[in-house]
Amino acid sequence: MGIFADPWFMLLLGLLLGWGIEWVIDLAYFRKRLRFVEGSERALEDRDRFQKQVADQSRVIEDLRSQLAERDLVREKEVERLRAEWDALRGVAEGEVYLEPGLESTFESVRGEQNVEPDVIEVIPVKPEPVEQELGEPLKVYVKAAKRDATLATGERDSLRAIRGIGPKYENMFWEAGVLTYKDLAELSEEALLGIINPEGWQKVDPAAWIGEADRLARNGR
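When the letters of the sequence shown are read in order and numbered with my numbering, they come out as residues 37 to 258.
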């Protein structure tokens, strides 16, 4: 049998074979374990990188939202400014008078303080064409309002705007039609009144109430 009959040799051979088998098993196990750990580390790195990208994208989105909010605010202010300019231009085109805050009340107070006799006041005629050629559009509106208030101060016309529902546009239309005083307006028929102002279908007017209030103001001497 040779050396295989030696018990010490067989013992040593058994130990070597056992150690070799265990080494192979351990190597296979730890290799799988090592691959799992490496995969986990890569997964953690990918997760951290993804979270960082999400955080960066969130900051970008917040910045864009802030920029959009600021842009919307600027746009709203621009729309309000353009709407105010449009209303002013439309009022001028329709013959309405738009005054700066406080200017109309100043005219009313000055007109109320003029209690002198009409023959004492001398109104100097002013030709509108030369003045309007030299003044800008806003000043034209103020000059027009000043001329109208100067005419009212002489007592030749009544302020028809004192009647509820009559604004600057309708007042000018009545004056152009020769209806200058409350008495003139009170003597109109409802058909004649509507024929002067020619309101649109959507505009609500009450000619009977206007005529009645004009009659009351005329009788009260206002």
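All C-beta atoms in this analysis are idealised placements derived from N, C-alpha and C, irrespective of residue type, glycine included.
In angstroms with no decimal places, state the Cα-to-Cα distance between Pro243 and Leu229. Their Cα atoms are separated by approximately 7 Å.
Might you give, ordered along the chain, the residues of its own chain that have their beta carbon closer than 7 Å to the beta carbon of Phe210, omitting 5 neighbours on each side? Setting aside the 5 residues that flank it on each side, Phe210 is surrounded in the same chain by Leu196, Leu221 and Ile232, each with a C-beta closer than 7 Å to its C-beta; the list follows chain order.
Would DSSP call Val241 helix, strand or coil? DSSP places Val241 in coil when its eight states are reduced to three.
Terminal residues of the alpha helix (DSSP H) in which Gly201 lies: Gly201 -> no alpha helix (DSSP H), and no H or E assigned at all.
Since Arg252 and Leu216 should fall inside the 8 Å C-beta cutoff, what is the C-beta to C-beta distance between them, to a whole number of angstroms? That pair is no contact at about 18 Å.
As a quick exercise: from Gly201, Trp238, Glu207 and Ala250, pick the residue whose alpha carbon is nearest that of Lys219. Selection Gly201, Trp238, Glu207 and Ala250 evaluated against Lys219 yields Ala250 as nearest (Cα-Cα).
For Gly201 versus Val241, is the C-beta distance shorter than 8 Å? Yes. Within cutoff.
Euclidean distance between Cα positions of Leu70 and Asp84: Rounded to whole angstroms, Leu70 to Asp84 spans 21 Å at the Cα level.
Glu121 versus Gln93 - alpha carbon distance: Distance between the alpha carbons of Glu121 and Gln93 is about 42 Å.
Helix, strand or coil: how does DSSP classify Val110 here? Reduced to three states, the DSSP call for Val110 is helix.
Span of the alpha helix (DSSP H) holding Ala213? According to the DSSP assignment, Ala213 belongs to no alpha helix (DSSP H), since it is labelled neither H nor E.
Straight-line gap, Leu47 to Phe72 (C-alpha atoms, nearest Å): Note on geometry: alpha-carbon atoms of Leu47 and Phe72 lie some 37 Å from one another.
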